[in-house]
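Take a look at the structure set out below.
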Amino acid sequence: MSKSTWDEVLASLPETGFFEVVRHYLGPLETPFHKPDIIKRMEAFFQRPDVLESVLNYIDENDSLILSIIAFQNASNSRRLEDMLSNFGKLQLQDMLRNLEDRMLIWNSADIKQPLYRLTPLG
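Okay, structure coming up:
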């Protein structure tokens, strides 16, 4: 089980997505800025004990199940997750995956049509 680095996770985002995520977690950015410095700030933010505690408090049973499957397989595509989690409807599972992405616990290391989910350093 290898986790991704924040460099990998954040570099995979399109520019607008990157800055949207950064502003969500760090607030407004002062210019000029240097992307590697921003990534280091994000990493430091997610390592704060209060942030880690908050992240852990919001992980429910379903989140744990999905995160465990992805961790065990090192990466998992949608089809494999749908097969393993057939008790959830396809749309429900997609919503759950999107929610985990929004919370920065997993990321899509491939593309939108054939996502390959991996754990972030938080996952």
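If you count the sequence shown from 1, position 25 lands on 25 in the working numbering, and the numbers rise without skipping. Glycine included, every Cβ here is placed at the ideal spot set by N, Cα and C. Everything numeric in this text was worked out from a predicted model, so none of it was measured.
Can a CB atom of chain B be found closer than 8 Å to the CB of residue i?
| i | result |
| --- | --- |
| PRO36 | In the structure shown, chain B cannot be found, because there is only a single protein chain. |
In chain order, what residues of the same chain have a beta carbon less than 7 Å from the beta carbon of residue i, not counting five sequence neighbours either side?
| i | result |
| --- | --- |
| SER68 | none |
| VAL22 | LEU29, ILE38, MET42 |
Note down, in chain order, each residue of its chain lying with its Cβ closer than 6 Å to the Cβ of residue i, except the 5 sequence neighbours on either side.
| i | result |
| --- | --- |
| ALA109 | Going by the sequence as given, residue 109 is Ser instead of Ala. Answer for SER109: LEU116, ARG118, listed in chain order. |
| ASN87 | none |
| PHE19 | none |
Using three-state DSSP, classify residue i as helix, strand or coil.
| i | result |
| --- | --- |
| ILE59 | coil |
| LYS90 | helix |
| ARG98 | helix |
| ARG103 | coil |
| LEU10 | helix |
Whose C-alpha, out of the options, is nearest the C-alpha of residue i?
| i | options | result |
| --- | --- | --- |
| MET84 | LEU65, GLU53, GLN114, ASP102 | LEU65 |
| GLY27 | LEU93, ASN62, PHE72, PHE45 | PHE45 |
| ASP63 | TRP6, TYR25, ASN99, THR16 | ASN99 |
| ILE201 | PRO121, ARG103, SER4 | Examination of residue 201 is not possible in this model, given that the chain is present from 1 through 123 alone. |
| ILE70 | ASN87, SER86, LEU97, LEU56 | LEU97 |
| GLY123 | PHE33, HIS24, VAL21, GLN47 | GLN47 |
Can you list, in chain order, the residues of its chain whose CB lies under 8 Å from that of residue i, leaving out five sequence neighbours each side?
| i | result |
| --- | --- |
| PRO121 | LYS3, SER4, THR5, TRP6, VAL9, GLU43, PHE46 |
Is it a yes or a no for the stretch 77-86 touching the stretch 32-39, going by three-plus beta-carbon pairs under 8 Å?
Contact between the stretch 77-86 and the stretch 32-39 is absent, with fewer than three C-beta pairs closer than 8 Å.
Which runs of the alpha helix (DSSP H) fall wholly inside the stretch 25-85 and span at least 4 residues, in chain order?
Uninterrupted alpha helix (DSSP H) stretches at least 4 residues long and entirely within the stretch 25-85 occur at 35-47, 49-57, 61-73, 78-84, given in chain order.
Any contact between the stretch 7-16 and the stretch 98-109? By contact I mean 3 or more CB pairs, one from each, below 8 Å.
A contact exists between the stretch 7-16 and the stretch 98-109.
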